[in-house]
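Everything below concerns the one structure shown next.
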Amino acid sequence: MRKKGQLVMLLGAIVCISAAAIFSEGQGAKPASAGVVSTAFERPLLVLDAGHGGADGGCVAADGTPEKGINLSILQTMRDTAAVMGYDVICTRESDVSIHDEGVTGLSKQKKSDMDNRLAIINKYENAVALSIHQNQFTDPKFCGAQMFYSQKSEATHALAEAVKGRIVSTLQPENKRETKPVGDELFLLDNAKCPMIMAECGFLSNEGEAQQLESPVYQKHMALTLFFGVNDYIYGQ
Numbered sequence: 005m006r007k008k009g010q011l012v013m014l015l016g017a018i019v020c021i022s023a024a025a026i027f028s029e030g031q032g033a034k035p036a037s038a039g040v041v042s043t044a045f046e047r048p049l050l051v052l053d054a055g056h057g058g059a060d061g062g063c064v065a066a067d068g069t070p071e072k073g074i075n076l077s078i079l080q081t082m083r084d085t086a087a088v089m090g091y092d093v094i095c096t097r098e099s100d101v102s103i104h105d106e107g108v109t110g111l112s113k114q115k116k117s118d119m120d121n122r123l124a125i126i127n128k129y130e131n132a133v134a135l136s137i138h139q140n141q142f143t144d145p146k147f148c149g150a151q152m153f154y155s156q157k158s159e160a161t162h163a164l165a166e167a168v169k170g171r172i173v174s175t176l177q178p179e180n181k182r183e184t185k186p187v188g189d190e191l192f193l194l195d196n197a198k199c200p201m202i203m204a205e206c207g208f209l210s211n212e213g214e215a216q217q218l219e220s221p222v223y224q225k226h227m228a229l230t231l232f233f234g235v236n237d238y239i240y241g242q
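If you want it as structure tokens, here you go:
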């Protein structure tokens, strides 16, 4: 209950900051969100990627709910939270679409084109931190819990993964024992990203209890806030 209370307080603080920003703009003053990060420093840049989209639904829960909508919902809350907290935010997609090239046909070719275009967006911003949002699935339904994946090419990505995992455990899933996992070229975006980037598997849709949580809009917001503050911990070294 205490951890849930912390998340409610964080969400309330964000709402208050948003209201203050709107009020300040209405008075002709500088938006409050611009003061969250000191003007002596560049605003941090966060690139968010929602896995799957369009005809590619990703993995599917037992009740038929596809992964793609959960990923997108979490991204949208992260995007809005990060913007309020003084970040510049870039999203590879903000609606349920595939961003494959026009004229590409066939799901496998569309998925490849979509991946190439998402990577091109991510790699425009070498000074960014990037996070790709996904849901997990396994043949054995007993497995549950969020897990972070990072490129074994970079210590920075390992540190980012550990920071986000730390927030997951301290705030949302205190029983989570899953280790952050290094990956190679099997995860295309992580292997080819030029900036520190991780993939957050937020939970297992193959686990009935966790799937019910992940399908809840309230839990999606809790997950989004937890992921954001993990990224924030990494950027500010807390």
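Under my numbering, think of the first position of the sequence shown as 5, with each following residue one higher. Glycine included, every Cβ here is placed at the ideal spot set by N, Cα and C. Because the structure is a prediction, the values reported are computed rather than measured.
In the three-state reduction of the DSSP assignment, E190 falls in the coil class. Runs of beta strand (DSSP E) with 3 or more residues, each lying fully within the region 121-146, are found at 133-140, listed in chain order.
Taking the Cβ atoms as the reference, S136 lies roughly 5 angstroms from M203, within the contact range of under 8 angstroms. Note that the region 211-231 touches the region 67-82; at least 3 beta-carbon pairs, one per stretch, sit closer than 8 angstroms. The shortest C-alpha to C-alpha distance from N75 to any of A197, E130 and L218 is the one to L218.
Inclusion of H104 and S117 in the CB contact set at 8 angstroms is warranted, their separation being smaller than that value.
Cβ neighbours of R122 within its own chain (closer than 7 angstroms, five residues either side excluded): D53, T96, I103 and L193. As a beta-bridge residue in DSSP terms, Y154 pairs with P186 and I202. For I74, the three-state secondary structure derived from DSSP is helix. Annotation: L209 is outside any alpha helix (DSSP H) and is labelled neither H nor E by DSSP.
In chain order, E205 and F208 place their CB closer than 6 angstroms to the CB of N140, counting only its own chain and leaving out the 5 sequence neighbours on each side. Nearest to M119 by C-alpha distance, out of A197, G213, I239 and S210, is A197.
Using a Cβ distance threshold of 8 angstroms, Y223 and P186 do not count as a contacting pair. The residue from N211, A215, T161 and G73 with its alpha-carbon nearest to that of D144 is N211. Exclusion of the five residues before and after G62 leaves G55, H56, P70, E71, K72, N75, H138 and Q139 as the residues of its chain whose Cβ lies within less than 8 angstroms of its Cβ. N131 counts as exposed, since fewer than 16 other C-beta atoms from the protein chains shown sit within 10 angstroms of its C-beta. Sixteen is the threshold: since fewer than 16 other Cβ atoms of the shown chains lie within 10 Å of the Cβ of A66, the residue is exposed. Per DSSP, I103 lies in no alpha helix (DSSP H) and is assigned neither H nor E.
Sequence-distant Cβ neighbours of L164 in its own chain, meaning closer than 6 angstroms and more than five residues away, are P200, I202 and Y238. Apart from sequence neighbours up to five positions away, the residues of its chain that approach Y91 with a beta-carbon distance below 6 angstroms are P48 and L50, ordered along the chain.
Rounded to whole angstroms, the gap between the alpha carbons of A150 and E46 is 31 angstroms.
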